[in-house]
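Visitor:
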Amino acid sequence: MATHQSYLSDGTTLRSWLMTLDHKRIAILYMVSLTFFFFVGGAAAVLFRLELITPQGDLVSSDTYNRLFSIHGIIMVWFFLIPAVPNVLGNFLVPLMIGARDLAFPRLNLASWYLFMAGGLFTLYVVIAGGVDTGWTFYTPYSSTYANSHVILAATGVFITGFSSILTGLNFIVTIHTMRCPGLKWFRLPLFIWSMYSTSLIMVLATPILAVTLALVAVERLLGVGIFDPGIGGDPLLFQHLFWFYSHPAVYIMILPGMGVISEIIPCFSRKPIFGYEFIAMASLAIAILGFLVWGHHMFVSGQSLYAGLFFSLLSMLVAVPSAVKVFNWTATLYKGSISLTTPMLYALGFIGLFTMGGLTGICLATLAFDVHVHDTYFIIAHFHYIMVGGMVMAYLGGMHFWWPKITGRMYSEWLGRINALIVFAGFNMTFFPQFILGYLGNPRRYHTYPGEFQVFHIMSTLGASILGIGYLLPLFYLLWSLKYGKRACDNPWDATGLEWATTSPPPAHNFRETPVIREPAYQYETPHSDSKNKPNPKTRLT
Amino acid sequence: MNRTSSIVAMQFDDSEQQHSAALLGMWIFLATEVLFFGGLFVAYTVYRYEYSDAFAEGSEHLAIWSGAVMTGLLLMGSLLIALSENVFERDHMHRVFWNLISTAVLGILFLSFEFYEYHDLIKHQLFPGAAFHWPEKQSTPLSGRSVEIYFVLFFCMTGLHALHMIIGISLVSGLAFYLRYSKNPRRLKNPLTVIGLYWHFVDIIWIFLFPLFYLI
Numbered sequence: 052m053a054t055h056q057s058y059l060s061d062g063t064t065l066r067s068w069l070m071t072l073d074h075k076r077i078a079i080l081y082m083v084s085l086t087f088f089f090f091v092g093g094a095a096a097v098l099f100r101l102e103l104i105t106p107q108g109d110l111v112s113s114d115t116y117n118r119l120f121s122i123h124g125i126i127m128v129w130f131f132l133i134p135a136v137p138n139v140l141g142n143f144l145v146p147l148m149i150g151a152r153d154l155a156f157p158r159l160n161l162a163s164w165y166l167f168m169a170g171g172l173f174t175l176y177v178v179i180a181g182g183v184d185t186g187w188t189f190y191t192p193y194s195s196t197y198a199n200s201h202v203i204l205a206a207t208g209v210f211i212t213g214f215s216s217i218l219t220g221l222n223f224i225v226t227i228h229t230m231r232c233p234g235l236k237w238f239r240l241p242l243f244i245w246s247m248y249s250t251s252l253i254m255v256l257a258t259p260i261l262a263v264t265l266a267l268v269a270v271e272r273l274l275g276v277g278i279f280d281p282g283i284g285g286d287p288l289l290f291q292h293l294f295w296f297y298s299h300p301a302v303y304i305m306i307l308p309g310m311g312v313i314s315e316i317i318p319c320f321s322r323k324p325i326f327g328y329e330f331i332a333m334a335s336l337a338i339a340i341l342g343f344l345v346w347g348h349h350m351f352v353s354g355q356s357l358y359a360g361l362f363f364s365l366l367s368m369l370v371a372v373p374s375a376v377k378v379f380n381w382t383a384t385l386y387k388g389s390i391s392l393t394t395p396m397l398y399a400l401g402f403i404g405l406f407t408m409g410g411l412t413g414i415c416l417a418t419l420a421f422d423v424h425v426h427d428t429y430f431i432i433a434h435f436h437y438i439m440v441g442g443m444v445m446a447y448l449g450g451m452h453f454w455w456p457k458i459t460g461r462m463y464s465e466w467l468g469r470i471n472a473l474i475v476f477a478g479f480n481m482t483f484f485p486q487f488i489l490g491y492l493g494n495p496r497r498y499h500t501y502p503g504e505f506q507v508f509h510i511m512s513t514l515g516a517s518i519l520g521i522g523y524l525l526p527l528f529y530l531l532w533s534l535k536y537g538k539r540a541c542d543n544p545w546d547a548t549g550l551e552w553a554t555t556s557p558p559p560a561h562n563f564r565e566t567p568v569i570r571e572p573a574y575q576y577e578t579p580h581s582d583s584k585n586k587p588n589p590k591t592r593l594t
Numbered sequence: 158m159n160r161t162s163s164i165v166a167m168q169f170d171d172s173e174q175q176h177s178a179a180l181l182g183m184w185i186f187l188a189t190e191v192l193f194f195g196g197l198f199v200a201y202t203v204y205r206y207e208y209s210d211a212f213a214e215g216s217e218h219l220a221i222w223s224g225a226v227m228t229g230l231l232l233m234g235s236l237l238i239a240l241s242e243n244v245f246e247r248d249h250m251h252r253v254f255w256n257l258i259s260t261a262v263l264g265i266l267f268l269s270f271e272f273y274e275y276h277d278l279i280k281h282q283l284f285p286g287a288a289f290h291w292p293e294k295q296s297t298p299l300s301g302r303s304v305e306i307y308f309v310l311f312f313c314m315t316g317l318h319a320l321h322m323i324i325g326i327s328l329v330s331g332l333a334f335y336l337r338y339s340k341n342p343r344r345l346k347n348p349l350t351v352i353g354l355y356w357h358f359v360d361i362i363w364i365f366l367f368p369l370f371y372l373i
């Protein structure tokens, strides 16, 4: 056994965790806080799904309903989806994957967790104080003229958290640029790093716009002047432009990291080098860049000019190209691979299917005429949940199961893991597929009552949500259980390539005992048909 | 590998890597700042287009000479910071100290002019909000609301800039004293470079604000 200490045993006091500068420990801090926020946001969803079982508003009033979906949206978007993979897995893996001892600015990294928690506490206070009813978008005039809830507090929470995201992005970009170990050229980087890099670009360039927009809403409310209020000279469309200039790229903050996770899992469990490495890497950058040019497709019916609508429609369809490049390359990697259906692989395969559904309905929505028909209906909800939940949450769970042995040094129950992946997949589809039909038939979103003929779809959806709920609670238990009773993991339980597997599980505080040197491209898995019987061993990549 | 030297942090291989990381970090931070101000510049563009007469009318109430002097003060400060990097290389720590102190003093002068301007506007009831008062003239049928938006943007944008100035002045003067009393001032090369970058950036923002608000 290794005689050196792992990062987990490097100090056990509360102080040693709260004041740590170790990127791996900060990742754990994020993991714990994000799990908490995820279940808070989930609880809100449970309540409004229960309300929607019957067509009448019998469980909650319309005001409460508005508050519930706003809390669900705000917490899930800013306190779970955006930070999920970058701040948990990214924090843990970026230095390990590039052979560095830590991120470039460890203090900044810790500071960004504190900012995140400060923002989180503001938002939690809002939940306790009675909520906010604007929806997660804070659209004016709901958030200004007609606001009757704690808009400023919630916006402050999001504003502060935004800086946490900027600082994380900045840290990743600098680390990836300046701290790669010898021999690790750009096109030898794992694709997870490429997607983290693209994500960081968006975080750094889009988030400040959100900050300034929310600040302007606050100024408008505090001074009572018309920045966005047309009644007193302002322009409400300006708010939507500014908001979506951030929030559409932010959608890609919520999916690109997931794509990075999938690009690691698929080759490992197909035992094949990834197909079209350069294309996947460049597709990440292309998505990040195109993502800045499509915000207007949220505003097709908001009164922007028809020509702007046509242009945004075209650009939105263009985003589908790099996304499809990725999907085709993953499938091509599977082709003739020696596939093993382990827990992470089940999540990855689920991701490909659900992400494709979400992406294809996205093209439907980018079509002007169709969007006018289903705008603000359940079709939209179903579409973005296929991307955000079917895509990102699946990828996050897959990634957690893939790197759990590395993070904790323990194996979970593979059997339970596989069952759970199936539960999540089934529950997810049952929840959100009926919503496509609901939306197509014209059920608008954000109402707590609906015509009786839609009830059967709503009941299916709520039933699916309960299955999904089980699928989210179960990992909480068996992963925690594995911490104490799980089998000890070896350094490389999946026989994966990648530098993170070349160090011990869990890694020592400074990651590597000696600086690794890279001599070959990433994903050098032996194909099943090759003559060599040697197992891939990341250590052969080292001197 | 040069890890024995105490000036290199644990995660870096050598001081060169640390220097390039610090520099790149600051550049990226400035990129976020550009976008941060960018949102306000977009708002400015939209309303300037919508209410161009009101903007022209509003800018009549600002003192051009004061804005010009302020611009001069900032440019001198930037020059001094640039020079201090030069003398730092030649190890004249005493001159670096005085350059930085003078920069901070110029910054404080800048803020004094700016706050005097604010004071003047508030006195004339031109601060947006409940106290805002715009005499409606028959000859120019301007709505007071549109002039108010000009002043909202003026106070938001110059106020945000002033906030950056206050941070900059604290950084520059803090660095000056740190450098003066440090036993090994050479190790402050990275802070000097990145604080210099920050100062130049704040300067450039003003270079845009001055014509947009004063010279229309």
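Just so you know, the sequences run in chain order A and B. Numbering-wise (the working numbering), the first sequence opens with residue 52 and increments by one. Numbering-wise (the working numbering), the second sequence opens with residue 158 and increments by one. Glycine included, every Cβ here is placed at the ideal spot set by N, Cα and C.
#1: For the alpha helix (DSSP H) containing residue 197 of chain B, name the first residue and the last one.
#2: Use the C-beta contact count for residue 234 of chain B: other C-beta atoms within 10 angstroms, 16 or more gives buried, fewer gives exposed.
#3: Looking only at C-alpha atoms, which of B/353, B/366, B/362, B/373 sits nearest to residue 243 of chain B?
#4: Could you list which residues in chain A have their beta carbon closer than 7 Å to that of residue 177 of chain B, in chain order?
#5: So what's residue 526 of chain A in DSSP terms, helix, strand or just coil?
#6: Could you tell me which of A/462, A/61, A/165 sits nearest to residue 80 of chain A, measuring between CA atoms?
#7: Run through chain A and tell me which residues come within less than 7 Å of residue 350 of chain B, C-beta to C-beta.
#8: Can you list the residues of chain A that residue 247 of chain B reaches, using a CB-CB cut of under 7 Å?
#9: Distance, Cα to Cα, residue 534 of chain A vs residue 359 of chain A?
#10: Can you check the region 186 to 237 of chain A for any alpha helix (DSSP H) of at least 4 residues that lies completely inside it and give the ranges in chain order?
#11: Step through the CB atoms of chain B and report whether any lies within less than 8 Å of the CB of residue 272 of chain A.
#12: Going by Cα to Cα distance, which pick from B/224, B/249, B/215, B/167 is closest to residue 267 of chain B?
#13: Where does residue 60 of chain A land, buried or exposed, given buried means 16+ other C-beta within 10 angstroms?
#14: What would DSSP say about residue 162 of chain B, mapped onto helix, strand or coil?
#15: Within 8 Å of any Cβ in chain B, is that where the Cβ of residue 283 of chain A sits?
#16: Looking at chain B, which residues of the region 153 to 166 of chain A have a Cβ within less than 9 Å of any of its Cβ atoms?
#17: What are the boundary residues of the alpha helix (DSSP H) that residue 273 of chain B is part of?
#18: If contacts are defined as beta-carbon pairs under 8 Å, then residue 222 of chain A and residue 155 of chain A qualify, I think. What distance do you get, rounded to the angstrom?
#19: Need the endpoints of the alpha helix (DSSP H) that residue 366 of chain A sits in, please.
#20: Can you look up residue 539 of chain A in the DSSP assignment and give me helix, strand or coil?
#21: Tell me whether residue 398 of chain B sits in a helix, a strand or coil according to DSSP, three-state version.
#22: Does any C-beta atom of chain B lie closer than 8 Å to the C-beta of residue 542 of chain A?
#23: Is there at least one Cβ from chain B nearer than 8 Å to residue 286 of chain A's Cβ?
#24: Let me make sure I understand the geometry here. Which of B/164, B/191, B/169, B/208 has the alpha-carbon closest to that of residue 286 of chain A?
#25: Between the Cα of residue 209 of chain A and those of A/200, A/266, A/230, spot the shortest distance and give me the residue it belongs to.
#26: Which residue comes first and which comes last in the alpha helix (DSSP H) that contains residue 142 of chain A?
#27: Where do the N-terminal and C-terminal ends of the alpha helix (DSSP H) with residue 76 of chain A fall, by residue?
#28: From the beta carbon of residue 221 of chain A, is the nearest beta carbon of chain B less than 8 Å away?
#29: What residues from chain B crowd round residue 276 of chain A, counting only those whose CB sits closer than 9 Å?
#30: Sort A/371, A/316, A/562, A/292 by Cα distance to residue 458 of chain A and report the nearest one.
#31: Could you check which residue in A/91, A/424, A/570, A/271 has the C-alpha nearest to that of residue 193 of chain A?
#32: Looking only at C-alpha atoms, which of A/275, A/554, A/103 sits nearest to residue 542 of chain A?
#33: Can you tell me whether residue 323 of chain A is buried or exposed? The criterion is at least 16 other CB atoms within 10 Å of its CB, across all chains shown.
#34: Provide the residue span of the alpha helix (DSSP H) that contains residue 544 of chain A, from first to last.
#35: So what's residue 395 of chain A in DSSP terms, helix, strand or just coil?
#36: Output needed for residue 348 of chain A: all residues of its chain with C-beta closer than 7 Å, excluding positions within five of it in sequence on either side, in chain order.
Guide: On the basis of the supplied data:
#1: Counting from 1 along the second sequence, the entry for residue 197 of chain B is found at position 40. 172 to 207 is the span of the alpha helix (DSSP H), which, as asked, contains residue 197 of chain B.
#2: Here residue 234 of chain B refers to the residue found at position 77 when the second sequence is read from its first residue. With 16 or more Cβ atoms within 10 Å of its Cβ, residue 234 of chain B is classed as buried.
#3: Residue numbering aside, residue 243 of chain B sits at position 86 when the second sequence is read from its first letter. For the residues B/353, B/366, B/362, B/373, the minimum Cα distance to residue 243 of chain B belongs to B/353.
#4: By one-based count along the second sequence, residue 177 of chain B stands at place 20. In chain order: 229.
#5: As a working mapping, residue 526 of chain A is identified with position 475 in the first sequence. The answer is helix: DSSP assigns residue 526 of chain A an H, G or I state.
#6: Residue numbering aside, residue 80 of chain A sits at position 29 when the first sequence is read from its first letter. Considering only alpha carbons, the answer is A/165.
#7: In the second sequence, counting from the first residue as 1, residue 350 of chain B sits at position 193. Simply none; closest approach about 15 Å.
#8: Here residue 247 of chain B refers to the residue found at position 90 when the second sequence is read from its first residue. Under the 7 Å cutoff, chain A gives no residues; its nearest Cβ is about 27 Å from residue 247 of chain B.
#9: Reading the first sequence from its first residue, position 483 is the one you call residue 534 of chain A. Reading the first sequence from its first residue, position 308 is the one you call residue 359 of chain A. Straight-line Cα distance between these residues: approximately 54 Å.
#10: 202 to 229
#11: Reading the first sequence from its first residue, position 221 is the one you call residue 272 of chain A. No, residue 272 of chain A does not count as interfacial toward chain B.
#12: Taking the first residue of the second sequence as position 1, residue 267 of chain B is located at position 110. Out of B/224, B/249, B/215, B/167, B/224 has the C-alpha closest to the C-alpha of residue 267 of chain B.
#13: Translated into the one-based positions of the first sequence, residue 60 of chain A becomes position 9. Flag for residue 60 of chain A reads exposed.
#14: For the purposes of this step, residue 162 of chain B is identified with residue 5 of the second sequence, where counting begins at 1. With a pLDDT of 42 at residue 162 of chain B, under the threshold of 50, the predicted position of this residue should be treated as unreliable, and no value is reported.
#15: Reading the first sequence from its first residue, position 232 is the one you call residue 283 of chain A. For residue 283 of chain A, the answer is yes, since a Cβ of chain B falls inside 8 Å of its Cβ.
#16: 153, 154, 155, 156, 157, 159
#17: By 1-based counting over the second sequence, the position of residue 273 of chain B is 116. For residue 273 of chain B, the enclosing alpha helix (DSSP H) has its first and last residue at 250 to 280.
#18: As a first step, residue 222 of chain A must be located in the first sequence, where it is residue number 171. As a first step, residue 155 of chain A must be located in the first sequence, where it is residue number 104. At roughly 6 Å, the Cβ-Cβ gap stays under 8 Å, so residue 222 of chain A and residue 155 of chain A are in contact.
#19: Position 315 of the first sequence, counting from 1, holds the residue named residue 366 of chain A. Taken as a continuous stretch (DSSP letters only), the alpha helix (DSSP H) holding residue 366 of chain A covers 357 to 385.
#20: Residue mapping note: residue 539 of chain A aligns to position 488 of the first sequence, counting from 1. Three-state DSSP puts residue 539 of chain A in a strand.
#21: Outside the displayed span of chain B (158 to 373) sits residue 398 of chain B, for which this structure offers no information.
#22: Within the first sequence, numbered from 1, the residue matching residue 542 of chain A stands at position 491. No, residue 542 of chain A lies away from the interface with chain B (no Cβ there is under 8 Å from its Cβ).
#23: Your numbering for residue 286 of chain A matches position 235 in the first sequence. Yes, because at least one Cβ of chain B sits closer than 8 Å to the Cβ of residue 286 of chain A.
#24: Counting from one through the first sequence, the residue named residue 286 of chain A turns up at place 235. Of the candidates B/164, B/191, B/169, B/208, the one whose C-alpha sits nearest the C-alpha of residue 286 of chain A is B/208.
#25: Locating residue 209 of chain A in the first sequence gives position 158, counting from the first residue. Checked all of A/200, A/266, A/230; the closest Cα to residue 209 of chain A is A/266.
#26: Counted from its first residue, the first sequence places residue 142 of chain A at position 91. Run containing residue 142 of chain A: 142 to 148, per the alpha helix (DSSP H) assignment.
#27: In the first sequence, residue 76 of chain A corresponds to position 25, counting from 1. Segment 74 to 102, the alpha helix (DSSP H) holding residue 76 of chain A.
#28: Sequence index remark: in the first sequence, residue 221 of chain A carries index 170 (1-based). It does: the Cβ of residue 221 of chain A has a partner Cβ on chain B nearer than 8 Å.
#29: Residue numbering aside, residue 276 of chain A sits at position 225 when the first sequence is read from its first letter. Those within 9 Å of residue 276 of chain A in chain B are 285, 286, 289, 302, 305, 306, 308, 309.
#30: The residue labelled residue 458 of chain A in the question sits at position 407 within the first sequence. Comparing Cα-Cα distances from residue 458 of chain A to each of A/371, A/316, A/562, A/292, the minimum goes to A/562.
#31: Walking along the first sequence from the start, residue 193 of chain A turns up at place 142. Nearest option by C-alpha distance: A/271.
#32: Position 491 of the first sequence, counting from 1, holds the residue named residue 542 of chain A. Considering only alpha carbons, the answer is A/554.
#33: Taking the first residue of the first sequence as position 1, residue 323 of chain A is located at position 272. That one is buried.
#34: Residue mapping note: residue 544 of chain A aligns to position 493 of the first sequence, counting from 1. Per DSSP, residue 544 of chain A belongs to no alpha helix (DSSP H) and is neither H nor E.
#35: Mapped onto the first sequence, residue 395 of chain A falls at position 344. Looking at residue 395 of chain A - three-state DSSP - the assignment turns out to be helix.
#36: Position 297 of the first sequence, counted from the start, is the residue given in the question as residue 348 of chain A. Counting only Cβ-Cβ distances below 7 Å, and skipping sequence neighbours, we find 363, 364, 367, 417.
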